[in-house]
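Step one of this worksheet: look at the structure below.
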Amino acid sequence: MKSLKEFTIPFVGLKIGKHHFEYDVEQSFFEHFEYEDFNDVKVHVDLVLEKKSTLLELHFKISGWVNVNCDLTNEPYNQDIENEFDLVVKFGDEYNDENIDLLIVPHGTYEINIQQYIYELIILAVPIKRVHPGVEDGTLDSEILKRLEELSPKLKENKEEDKSEDIDPRWNTLKKLLTDK
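Under the numbering used here, the first residue of the sequence shown carries the number 3, and numbering increases by one thereafter.
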């Protein structure tokens, strides 16, 4: 996969200290990754890169929304997302990204590409179960919801009431044995 140039940070020319970067991620970003679960995307990424003499500290903070389909009704809706992530970049003999929040790059590296971290941060911010807000508060009027209600089993309360009415009278005689002691 080809790197997107706007997500490559040349840190070699930066002074020691904090540097701020901002990115606006839209649907075309996910088309680059061939990820098709989102209908539309509008996410703002704030990145603070703190350059130190021997390492780099990156603090990612995202906020925005992704348009996804509800798991129950398949209705599209905007899911608000927020997420944060800290990454430490150290210099070593060879490239190593085995640790989640530590990246080791070879000595002499002059830039770092952050597109994969932003991609994963957004994907992981979306809840596993996607439920339309209208389903939770009862305002969504959908034929799928009506059909689900028709096919859902009755509540336990109704079943317990039915059971109490159908008690065999012979059990009442046995209950008297407990109280006769």
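In this text, a Cβ means the ideal position worked out from N, Cα and C, and glycines have one as well. Computed from a predicted model, the values in this text were never measured in an experiment.
Closest by C-alpha distance to residue i, when choosing among the options
i    : options                   : result
G199 : T111, I124 and I169       : Residue 199 falls outside the range modelled here, since the chain spans only 3 to 183, and no answer is possible.
V104 : E113, L150 and F87        : Before going further, note that residue 104 is Leu rather than Val in the sequence given. Closest by alpha carbon: F87.
D73  : D170, L180, E138 and K156 : E138
Y79  : I169, L179 and L142       : L142
K17  : K44, E36, V43 and L51     : L51
D95  : D170, N85, V107 and I102  : V107
T56  : V47, N115, K92 and T75    : K92
S65  : E84, E77 and T75          : E84
Q118 : Q81, F62, W67 and G140    : F62
I44  : I169, I124 and K148       : Inspection of the sequence shows that residue 44 is occupied by Lys rather than by Ile. Checked all of I169, I124 and K148; the closest Cα to K44 is I124.
K20  : F32, L60 and V27          : L60
D42  : F35, E28 and E36          : E28
L49  : I120, D99, L150 and H34   : I120
E113 : K156, P155, K177 and F13  : F13
F35  : G140, K54 and L6          : L6
T75  : E151, T175, P171 and K178 : E151
Limits of the beta strand (DSSP E) - the one that residue i falls within
i   : result
T10 : T10 to P12
Residues bridged to residue i (per DSSP)
i   : result
K44 : E28 and W67
N98 : I106
E59 : E52 and V90
Residue i, DSSP secondary structure in three states
i    : result
V50  : strand
E89  : Sequence inspection shows Leu at residue 89; the Glu mentioned does not correspond to that position. DSSP places L89 in strand when its eight states are reduced to three.
K156 : coil
I116 : coil
E84  : strand
Y121 : helix
K7   : helix
Span of the alpha helix (DSSP H), counted from its first residue to its last, around residue i
i    : result
K178 : P171 to T181
P135 : P135 to D139
Straight-line gap, residue i to residue j (C-alpha atoms, nearest Å)
i    : j    : result
I11  : F23  : 9 Å
F40  : W173 : 60 Å
V128 : N69  : 10 Å
I116 : K131 : 27 Å
I102 : V47  : 19 Å
L126 : F32  : 14 Å
W67  : L153 : 33 Å
G136 : S144 : 10 Å
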